[in-house]
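Counting along the sequence shown from 1, when you hit position 482 you're at 601 in my numbering, and nothing is skipped either side. Report on the following structure.
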Amino acid sequence: MKNADASNPAIRNIAIIAHVDHGKTTLVDAMFSQSGTFRAGQDVPERLMDSMDLERERGITIAAKNCSVVWKDVKINILDTPGHADFGGEVERALSMVDGVVLLVDASEGPLPQTRFVLGKALGLGRSVIVVVNKIDRPDARTAAVLSDVYDLFIDLGANDEQLDFPLLYAVGKRGIARPTLEGDYETGDLSALFDMILEKIPAPSFSSAEPFQMLVSDLSYSDFFGRQAIGKVINGKAHARDALACIGEGDVRKNLSVTKLQTYDGVKLVETETAESGDIIVLSGIENVKIGDTVCTRDAPKALPRIVIDEPTVSMRFSVNTSPIAGTEGKNPTSTQLLERLKKETLKNVSLLVDEENIGGGFLVRGRGEFQLVILIETLRREGYELGVTRPEVIFKYVDGKKMEPIEHVYIDCAEVYAGNVTMKLAGHKGRMLSYLSQQGGRVHLEFSVPSRALIGYRDQFLTDTKGTGIMNAIVTGFEEYRGDFDEFSNGFLVSDHNGASVTYGLFHLEPHGQLFIVAGEPIYEGMVIGQHNLQFDLVVNPAKEKKLSNMRSTTKDEALTLTPIQPMTLERAILLLHEDEMVEVTPKSVRVRKIVLSEVERRKIARTK
């Protein structure tokens, strides 16, 4: 840091960054175990850093979390950051609190797109990097090639000579083993080499001895006992439990704070303390009206720190109360005011989410870093018992010098060579530009494209269809470019119900030849509800409640023999990616349904005639 003249050798602050499912949380679990964070015989849950149910189920990290271990009398604060670009706000906040990172790379898959995103942020901030090649025991491990890929990635991201000379370890995270060489069977060992390397290669937090207490608020939380909590790193000075503190917000607006408790991390727990040193990560409780990026400092010497810079949102969705005919039957249907309050509460701890408070068109516009981030928000609300409606994701455009600019994504695709032509044709037809075509072993190819974000909305489902479910696609936003022009939509039309009631086997059986069904017999239906995808590129209004007119007993027996093709369960992600501009998703704790925004067929026809 600028003007620093001292450091705190008793502390190290690190972030562990990796692509989704490269073993990051498993490695942290092993670090807890081997550092003595938990006593012998204590029951420790797996994936303990993934505290949200969604994180455990999806096997990903959504929110950056803080913890600590002690090694050779040095406290190591560990931030287990998200590995998905849509949660970049969490990544940037975590990096603002650390002095170095451990980059975890799978020995088979190598550095993948989200690794590039997070590593680029870390290198840009000048953070020290330790590279750990994990899962070297995989049968398909290609350690030497992966290491070469890591060097190439550092060069692509503009790493300087010092950053290119990174320290390296090889690991089997699930066994808790890390070593500086590949020699040995990796059946026995520990993580002492990793702990020692962190102490040796990650710089101690620096500070200015002449400055009074300053803390940068990097995260927010809430406790039922202590109220609002601000989390951040002590940049300068010392924090004392009963200090008179102030907060400096946007525009250098200053307000006094009343702090009820000062805590630091001990393992995954918070412990109360009287004093916290420079470089430590602390939690201040009982404060109000503090935002992420604010500076907390002493009242008699207020001085603001540079605010955290967060990349701007690229995608928006409209959230509204559930207005379907069966609203309120499967959960609590909030009023618009209640929904807005819940969304505003989310923005208090998620700095990369923005909510427009004006209720336009029956809903509130929520802006985020990507579809996945918004899907996680919707799923969170759903698990809290809410019913709501959400519209199709829309890309956020901006104008520079009178020119329309749109977000562009770097798309990485791995698929069988036989499908590459179809994938290339689809993306090229939607203003995508091929950047790379590389043949790989086993008849597969690696493709890279530059594609407008709007072209990828709804494409992921199509991509899986085009590659028979065997393709892998990842994408990260690289910036804004001038608008590339219009193109046609990807998907077909829908089968739309014209009846209220419940679906029946007879009606659905005779609709199967027209497309792919989303529902099974006995499900509630209503006019305007989408019950399947049409084989053709237009909507077909149908009656899934149609029953066979019985004229004799034989008909009844024959009807019972009808067998429907099993359906693919409707997930939230799939439903959102299916949407056109005139559909929305009805979300309840029990169901995910696609529906028309305008339910009445008569009204839809009137609207179509005016276009």
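All residues carry an ideal CB built from backbone N, CA and C; glycine is no exception.
Between Ile411 and Val336, how many whole angstroms is the CB-CB distance? I'm expecting something under 8 Å.
6 Å
What's the call for Leu697, buried or exposed, on a 16-neighbour Cβ count within 10 Å?
Burial state of Leu697 is buried, judged by a 10 Å Cβ sphere holding 16 or more other Cβ atoms.
Just to confirm, is the Cβ distance from Pro526 to Gly551 under 9 Å?
The answer is no: Cβ separation not under 9 Å.
With distances taken Cα to Cα, identify the nearest neighbour of Leu403 among Leu198, Thr707 and Thr379.
Thr379
DSSP three-state call for His629: helix, strand or coil?
The answer is coil: DSSP assigns His629 none of H, G, I, E or B.
Quick check: the Cα distance between Leu500 and Glu490, rounded to an integer number of angstroms?
16 Å
Out of Leu389, Gly577 and Arg246, which one is the CA nearest neighbour of Glu692?
Gly577
Hey, could you find the ends of the alpha helix (DSSP H) Ile726 is sitting in?
Glu720 to Thr729
Could you tell me which residues DSSP puts in a beta bridge with Pro571?
Ile527
With DSSP collapsed to three states, give me the class of Gly577.
coil
Return the chain-ordered ranges of every alpha helix (DSSP H) run that is complete within the region 225-294 and spans a minimum of 4 residues.
232-243, 262-275 and 280-283
Compute the Euclidean distance between the alpha carbons of Glu601 and Ser325, then round it to the nearest angstrom.
The straight-line gap separating the alpha-carbon atoms of Glu601 and Ser325 is approximately 42 Å.
Since Ala154 and Val189 should fall inside the 8 Å C-beta cutoff, what is the C-beta to C-beta distance between them, to a whole number of angstroms?
Per the sequence shown, residue 154 should be read as Ser rather than Ala. About 6 Å separates the two Cβ atoms, so the contact holds.
By how many angstroms is the C-alpha of Thr307 removed from the C-alpha of Ser710?
Between the alpha carbons of Ser710 and Thr307 lies a gap of roughly 48 Å.
So if DSSP puts Gln652 in a beta bridge, which residue, or which two residues, is it bridged to?
Phe613 and Gln635
Counting C-beta neighbours from all protein chains within 10 Å, is the total for Ile638 16 or more, i.e. buried, or is it exposed?
buried
Could you pull the DSSP bridge partners for Ala297 from this structure?
Ala290
With distance defined between alpha-carbon atoms, name the residue in Ile197, Ile726, Thr510 and Gly598 nearest to Met524.
Gly598
May I ask which residues mark the beginning and end of the alpha helix (DSSP H) holding Asn538?
Here the sequence assigns Tyr to residue 538, which means Asn is not the residue at that position. Unbroken alpha helix (DSSP H) run through Tyr538: Glu536 to Ala547.
Specify, as a first and last residue, the run of the beta strand (DSSP E) that Ile595 falls within.
Ile591 to Glu601
For Thr682, count neighbouring C-beta atoms within 10 Å of its own C-beta (all shown protein chains included) and say buried if the count is 16 or more, exposed if not.
exposed
As a quick exercise: from Thr510, Glu631, Leu659 and Gln652, pick the residue whose alpha carbon is nearest that of Asp580.
Gln652
Measure the alpha-carbon distance for Ala349 versus Gly447 and round it to whole angstroms.
36 Å
Are at least three pairs of beta-carbons, each pair with one atom in the region 122-140 and one in the region 213-221, less than 8 Å apart?
yes
Distance, Cα to Cα, Leu214 vs Ile296?
Each residue's alpha carbon lies about 26 Å from the other.
Is the beta carbon of Val514 sitting closer than 9 Å to the one on Arg573?
yes
Under 8 Å, with one C-beta from each stretch per pair, do the region 388-396 and the region 348-362 reach the 3-pair mark?
yes
What is the rounded straight-line gap between the Cα of Ala264 and the Cα of Glu407?
Ala264 and Glu407: Cα-Cα distance of roughly 51 Å.
For the pair the region 464-477 and the region 440-454, tell me if three or more CB-CB distances fall below 8 Å.
no
With burial defined as no fewer than 16 other Cβ atoms inside 10 Å of the residue's Cβ, what is the status of Pro688: buried or exposed?
Flag for Pro688 reads exposed.
If you check the beta carbons only, do Gly590 and Val530 fall under 9 Å apart?
no
What is the C-beta distance between Gly562 and Glu536, in whole angstroms, given that I count them as a contact (C-beta under 8 Å)?
5 Å
Of all the options Tyr645, Met648, Glu567 and Glu646, which has the alpha carbon lying nearest to the alpha carbon of Leu231?
Glu567
Since Ala365 sits in a beta bridge, which residues does DSSP pair it with?
Asn375 and Cys416
Going by the CB atoms, is the gap between Leu467 and Leu339 shorter than 9 Å?
yes
Measure the alpha-carbon distance for Val596 versus Ala241 and round it to whole angstroms.
17 Å
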